[in-house]
Structures are given as C-alpha cells and as structure tokens.
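Peer 1: Quick note on the numbering used here: the sequence shown kicks off at 25 and runs consecutively.
One structure follows; several queries about it will come next.
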Amino acid sequence: MREEFFPQRALYYRVSEMQADRQTLVLLHGLSGSSSAWFPFEGRFEPSFNIITVDLRGHGKSRRWRTYSEYDLELFAEDIELLLSHLGIGTYCLVGHSFGTLVALELLLRGGSAERLVLLAPNYGVHRTLLARLTRGPLSVLTAIFSRLPSIHWRGDRVDYSTLGYSSDWDMRRLWADVWNTGIRSYLHCLHHVYSFYRDHDWKRLSMPTLIVHGALDSFVPVAHGIELASIMPQARFKMLPNANHMLVLNNVDDVSAVIKTFVESREAT
C-alpha cells in the first residue's frame, strides 16, 4: 500500500498495486474516523484484491472545511467519484462503515458503478432514534455558529486504533481521540448531516447485490434498522454478528474481513 494525495479535492488516500485481473475494493470509513480503521484489513485483502481507502473530507489527513454546506453528503460522494475517475477505476466493490454507508449511497445514486455493496453498521433510519431527535436542534445551532467562525488551520492525522484495544460504542478514549483528531467543527457538521438524513426511501433504488452486516450489540443504530434495510433493498442479504457492536471494523476484523471476502468473491446474486 502506498499513500497518495489528490489535490483536486484535497484528499489523502491509500492504494495498493493495481492489477487488471483483480476486483477492486473501495473502503469508506465512519464518522470521525480515517483510513487507519482499515489498516488491519489491508493485509488480509491485498493478496486477493486491489484496495483503495480514503480519508474522507474533513477526516484523517484530508482538508478541513469551514461551513456546514461544505460537508454535504453529495460533496463527499463527488470526492470519491472524481478520485476513482482520476485512478481510472471503472467497476468496483464498495464497502462502507457507519457514516461511510451514507457516502456510498450518495455515490451510487450519482451513477457509481459498484458491482457489489457491503454496508457495515449502516446509518439507516438514524433520524428516528431518540438521540437524534434530542440533539438535532442544538446541533443546528452549533453548526450555524461554527459555519460563521473564521477558518482554523487544523492539521489532522490518523488515530492508531491498535493502541486502544477493544472499543465499546461509547469508549471515551476512542471518542476523544477521534473527535480531537477530526476537529470539533468537522465532527459536528458531519454528525448533524447524519441526524438530519431523512431519505430512507432512497435505499430502495440500489439494485446491486448487497450485504448488510450489523452487530447485535450496536447501541448507535439498532439492529432492527439493519434488518428493515435488508427488507427494502431488492438484492440485499443480512448478516448479524452476535458479539459485535457498532465498532465492528475495529473489534471484529477477522469476522468482518471473512464475510466481505466471501461475499465479494461469490458470483451468486443475493
């Protein structure tokens, strides 16, 4: 894997040696994370696939933007679309975790040519949760304030999750490390976009074979939401990991990498 910079969109990304006879995996991390969440997966996938991981806008080493509108999901998707075009990637298999699943949805609605889709702890129906309903108002105020404040140069990096051990959904060490690294402005802007995403019906428009993987212990997005999402998508199957929470990409690397590899290599429709 080598690290590259895409100046057109101020994105950092990691890419393996691309081989024409291999499938390409595009991996999108979650809110306040970075491509470092996928580091343990690189060694598992690189012998079999081409791999692209991205620090999404406002995350990792990529540029921090000032206003709420600059964190619109369509811009996240446009970033990935332009990066894949820059790299000459035609078809690919798309993997998203948490917030990254919303970016994946926007990318595919723009015409992204994913052959297969993997949604890990998808952000489906989050606007219906009690936490979203209680905090949406205050978040609106905070994002409006931060959008008007002067830009602050925030040099982000990537969290080394291997030093943190097992992470609960509400692990304060991980949350502090993630939010500090991302910056409070970027974090709040993205969180408000998640809590204000009401277009649940758009998932029905995705017709490619899809695997939804959800942890039974997820306290951010109830597992029932994942089951419901699988029921409305034309070619989706649902896989529950009994000992996983929302942070399954950090805590359940072996299980998650195995189900992804099996699904991507399978040529059967769901």
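Yeah, the Cβ is synthetic: ideal placement off N, Cα and C, and Gly gets one too.
The beta strand (DSSP E) with Y37 in it runs from where to where?
Peer 2: First-last of the beta strand (DSSP E) with Y37: 35-39.
Peer 1: Within 10 Å of its beta-carbon, does A145 have 16 or more other beta-carbons around it, so buried, or fewer, so exposed?
Peer 2: Its Cβ being crowded by 16 or more others within 10 Å, A145 is buried.
Peer 1: Could you work out which residue in Y211, E102, S59 is closest to L163 when comparing CA atoms only?
Peer 2: Taking only the C-alpha atoms, the option nearest L163 is Y211.
Peer 1: If you draw a straight line from the alpha carbon of P64 to that of D184, how long is it in whole angstroms?
Peer 2: One C-alpha to the other measures close to 11 Å.
Peer 1: What are the start and end residues of the beta strand (DSSP E) that includes R198?
Peer 2: R198 -> not in any beta strand (DSSP E); alpha helix (DSSP H) instead, spanning 196-206.
Peer 1: Is the beta carbon of D202 closer than 8 Å to that of M271?
Peer 2: In this structure, D202 does not lie closer than 8 Å to M271 by Cβ.
Peer 1: Pick out whichever of H216, T48, L143, G161 has its Cα sitting closest to the Cα of Q259.
Peer 2: Per the Cα distances, L143.
Peer 1: Whole angstroms is fine: what's the gap from L188's alpha carbon to W89's?
Peer 2: Distance between the alpha carbons of L188 and W89: 28 Å.
Peer 1: Just list the beta strand (DSSP E) runs in the region 107-134, keeping only unbroken ones of 3 residues or longer that don't cross its boundaries, in chain order.
Peer 2: The qualifying runs are 116-121.
Peer 1: Tell whether a beta-carbon distance below 8 Å holds between R134 and M232.
Peer 2: Not closer than 8 Å, so no.
Peer 1: By the 10 Å Cβ neighbour count, where 16 or more other Cβ atoms means buried, how is I284 classified, buried or exposed?
Peer 2: Counting Cβ neighbours within 10 Å, I284 comes out buried, since at least 16 surround it.
Peer 1: Please report the distance separating the alpha-carbon of H238 from that of D195.
Peer 2: About 19 Å.
Peer 1: Note the first and the last residue of the continuous beta strand (DSSP E) segment covering G239.
Peer 2: Taken as a continuous stretch (DSSP letters only), the beta strand (DSSP E) holding G239 covers 234-239.
Peer 1: Can you give the beta carbon distance from H213 to T167, rounded, assuming they're within the 8 Å contact cut?
Peer 2: Yes, they are in contact, since the Cβ atoms of H213 and T167 sit about 5 Å apart, within 8 Å.
Peer 1: To which residues of the same chain is L241 closer than 6 Å at the C-beta, ignoring the five residues directly before and after it?
Peer 2: Here the set comprises N269.
Peer 1: Kindly list the residues whose CB is nearer than 7 Å to the CB of F30, restricted to its own chain and excluding five residues on each side of it in sequence; keep chain order.
Peer 2: For F30, where only same-chain residues beyond five positions count, the Cβ hits under 7 Å are Y37, L107, H110.
Peer 1: Would you call the CB atoms of L308 and G120 closer than 8 Å?
Peer 2: No answer is possible for residue 308: the residues shown for the chain start at 25 and end at 294.
Peer 1: What residue range is occupied by the uninterrupted alpha helix (DSSP H) comprising A282?
Peer 2: Start and end: 277-289.
Peer 1: I'd like the span of the beta strand (DSSP E) that includes E27, first residue to last.
Peer 2: Start and end: 26-30.
Peer 1: CB-CB under 7 Å to T91, same chain, minus the five flanking residues each way: which ones, in chain order?
Peer 2: Counting only Cβ-Cβ distances below 7 Å, and skipping sequence neighbours, we find S171.
Peer 1: For a minimum of 3 consecutive residues, which ranges assigned as the beta strand (DSSP E) are wholly contained in the region 132-193?
Peer 2: Qualifying beta strand (DSSP E) stretches, in chain order: 138-144.
Peer 1: Tell me whether the beta-carbon of Y148 lies closer than 8 Å to the beta-carbon of V50.
Peer 2: Result no, Cβ atoms of Y148 and V50 do not sit closer than 8 Å.
Peer 1: Helix, strand or coil, according to DSSP, for K263 in the structure here?
Peer 2: Three-state DSSP puts K263 in a strand.
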